[in-house]
Amino acid sequence: MKYKKFENTIIARIDKGEDIVEQVKNIALKENIKLASIQALGAINDFTVGVFKTKEKKYYANEFKGDYEIVSLTGTINTMNGEYYSHMHLSAGNDQGEVFGGHLNKAIVSATCEMVIQVINGQVDRYFDEEIGLNLLKL
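With full-length UniProt numbering applied, the sequence shown covers 1 to 139.
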(Lines of atoms letter the chains of each structure in order from A and count residues from 1; the text may use other names and numbers.)
(Lines give C-alpha, C1' and ligand atoms only; values in the text may rest on other atoms or scores of the structure.)
Protein backbone atom coordinates (compact mmCIF):
# COMPACT_ATOMS: atom_id res chain seq x y z
CA MET A 1 0.00 0.00 0.00
CA LYS A 2 1.14 3.47 -0.87
CA TYR A 3 -0.55 6.80 -0.21
CA LYS A 4 -0.09 10.56 -0.46
CA LYS A 5 -1.67 13.25 1.67
CA PHE A 6 -2.89 16.53 0.17
CA GLU A 7 -4.10 18.81 2.98
CA ASN A 8 -7.22 16.96 4.24
CA THR A 9 -7.37 14.37 1.43
CA ILE A 10 -5.47 11.09 1.24
CA ILE A 11 -5.13 9.20 -2.04
CA ALA A 12 -4.21 5.56 -1.47
CA ARG A 13 -3.31 2.62 -3.66
CA ILE A 14 -3.92 -0.69 -1.96
CA ASP A 15 -2.00 -3.44 -3.69
CA LYS A 16 -2.60 -7.03 -4.79
CA GLY A 17 -2.90 -9.44 -1.87
CA GLU A 18 -3.61 -6.75 0.72
CA ASP A 19 -6.78 -6.55 2.82
CA ILE A 20 -8.58 -3.24 2.34
CA VAL A 21 -9.93 -3.24 5.90
CA GLU A 22 -6.44 -3.68 7.39
CA GLN A 23 -4.89 -1.02 5.15
CA VAL A 24 -7.54 1.58 6.03
CA LYS A 25 -6.75 0.96 9.69
CA ASN A 26 -3.00 1.28 9.02
CA ILE A 27 -3.48 4.65 7.31
CA ALA A 28 -5.85 5.94 10.00
CA LEU A 29 -3.51 5.01 12.84
CA LYS A 30 -0.39 6.33 11.11
CA GLU A 31 -2.09 9.64 10.24
CA ASN A 32 -3.99 9.85 13.57
CA ILE A 33 -7.33 10.18 11.75
CA LYS A 34 -10.27 10.59 14.13
CA LEU A 35 -12.97 11.39 11.55
CA ALA A 36 -13.09 10.83 7.78
CA SER A 37 -15.18 9.59 4.87
CA ILE A 38 -13.96 6.85 2.53
CA GLN A 39 -14.69 5.97 -1.08
CA ALA A 40 -12.93 3.46 -3.33
CA LEU A 41 -13.00 1.27 -6.41
CA GLY A 42 -10.85 -1.56 -7.69
CA ALA A 43 -10.69 -5.32 -8.11
CA ILE A 44 -10.94 -8.01 -5.42
CA ASN A 45 -11.00 -11.80 -5.40
CA ASP A 46 -11.89 -12.72 -1.82
CA PHE A 47 -14.31 -10.73 0.30
CA THR A 48 -16.70 -11.07 3.20
CA VAL A 49 -19.70 -8.79 3.71
CA GLY A 50 -22.40 -8.98 6.32
CA VAL A 51 -26.07 -8.20 6.70
CA PHE A 52 -27.48 -7.08 10.04
CA LYS A 53 -30.75 -8.79 10.97
CA THR A 54 -32.47 -6.16 13.08
CA LYS A 55 -34.89 -8.50 14.86
CA GLU A 56 -32.03 -10.77 15.93
CA LYS A 57 -29.52 -7.93 16.50
CA LYS A 58 -26.94 -10.08 14.74
CA TYR A 59 -24.73 -9.90 11.64
CA TYR A 60 -24.67 -12.74 9.12
CA ALA A 61 -21.60 -12.99 6.89
CA ASN A 62 -21.45 -13.94 3.22
CA GLU A 63 -18.10 -14.93 1.68
CA PHE A 64 -17.28 -14.58 -2.01
CA LYS A 65 -14.27 -15.80 -4.03
CA GLY A 66 -13.56 -15.16 -7.71
CA ASP A 67 -13.09 -12.13 -9.94
CA TYR A 68 -15.04 -9.10 -8.73
CA GLU A 69 -14.98 -5.37 -9.48
CA ILE A 70 -15.72 -2.97 -6.65
CA VAL A 71 -18.84 -1.13 -7.76
CA SER A 72 -18.90 0.96 -4.61
CA LEU A 73 -16.97 1.10 -1.38
CA THR A 74 -18.06 3.78 1.03
CA GLY A 75 -17.62 4.35 4.72
CA THR A 76 -16.38 6.32 7.66
CA ILE A 77 -13.48 6.41 10.03
CA ASN A 78 -14.22 7.61 13.54
CA THR A 79 -13.68 6.48 17.12
CA MET A 80 -15.33 4.35 19.78
CA ASN A 81 -14.21 4.94 23.35
CA GLY A 82 -11.51 7.18 21.85
CA GLU A 83 -10.00 4.32 19.79
CA TYR A 84 -9.94 3.73 16.01
CA TYR A 85 -13.23 2.54 14.52
CA SER A 86 -14.31 2.16 10.90
CA HIS A 87 -17.63 1.39 9.25
CA MET A 88 -17.51 0.44 5.57
CA HIS A 89 -19.92 -1.06 3.05
CA LEU A 90 -18.93 -2.74 -0.22
CA SER A 91 -20.77 -3.68 -3.40
CA ALA A 92 -18.89 -5.84 -5.91
CA GLY A 93 -19.90 -7.22 -9.30
CA ASN A 94 -18.92 -10.48 -10.98
CA ASP A 95 -18.39 -11.28 -14.68
CA GLN A 96 -22.15 -11.79 -15.12
CA GLY A 97 -22.98 -8.32 -13.80
CA GLU A 98 -24.39 -9.68 -10.56
CA VAL A 99 -23.66 -7.45 -7.59
CA PHE A 100 -23.28 -8.56 -3.98
CA GLY A 101 -22.65 -6.39 -0.98
CA GLY A 102 -23.11 -5.43 2.60
CA HIS A 103 -21.12 -4.43 5.68
CA LEU A 104 -17.44 -4.93 4.83
CA ASN A 105 -15.50 -7.42 6.97
CA LYS A 106 -12.67 -8.35 4.59
CA ALA A 107 -11.66 -7.64 0.99
CA ILE A 108 -8.46 -8.95 -0.59
CA VAL A 109 -7.24 -6.93 -3.57
CA SER A 110 -6.67 -8.92 -6.77
CA ALA A 111 -5.21 -6.11 -8.91
CA THR A 112 -5.48 -2.68 -7.26
CA CYS A 113 -7.76 -0.57 -5.12
CA GLU A 114 -7.86 3.21 -5.51
CA MET A 115 -9.12 4.97 -2.41
CA VAL A 116 -9.90 8.53 -1.40
CA ILE A 117 -10.03 9.34 2.31
CA GLN A 118 -11.46 12.77 3.09
CA VAL A 119 -10.28 13.76 6.56
CA ILE A 120 -12.74 15.87 8.54
CA ASN A 121 -11.49 18.19 11.27
CA GLY A 122 -13.17 16.94 14.42
CA GLN A 123 -14.04 13.77 16.26
CA VAL A 124 -17.26 11.77 16.59
CA ASP A 125 -17.25 8.82 18.95
CA ARG A 126 -19.57 5.80 18.93
CA TYR A 127 -21.50 3.99 21.63
CA PHE A 128 -23.26 0.65 21.75
CA ASP A 129 -27.04 1.03 21.66
CA GLU A 130 -28.73 -1.87 23.50
CA GLU A 131 -32.11 -1.36 21.81
CA ILE A 132 -30.73 -1.33 18.24
CA GLY A 133 -27.82 -3.71 18.86
CA LEU A 134 -25.29 -1.60 16.96
CA ASN A 135 -22.50 0.90 17.59
CA LEU A 136 -24.12 4.25 16.78
CA LEU A 137 -22.67 7.70 16.28
CA LYS A 138 -22.67 9.73 19.50
CA LEU A 139 -23.88 13.14 18.33
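Beta carbons: idealized from backbone N, C-alpha and C, even for Gly.
Item: One question on the structure: do Glu31 and Ile14 come within less than 8 Å of each other, judged by their Cβ atoms?; Value: no
Item: Look at the Cβ atom of Gly102, then the Cβ atom of Gly50, and state whether they are nearer than 8 Å.; Value: yes
Item: Beta-carbon within less than 6 Å of Ala28's beta-carbon, same chain only, minus the 5 sequence neighbours each way: which residues are those?; Value: Ile77, Tyr84
Item: Specify, as a first and last residue, the run of the alpha helix (DSSP H) that Ile20 falls within.; Value: 20–31
Item: Tell me whether Val119 sits in a helix, a strand or coil according to DSSP, three-state version.; Value: strand
Item: For Asn135, which beta-bridge partners are listed by DSSP?; Value: Phe128
Item: Classify Gly42 as helix, strand or coil using the three-state DSSP reduction.; Value: strand
Item: So Asp67 is in the beta strand (DSSP E); what residue range does that whole segment cover?; Value: 58–80
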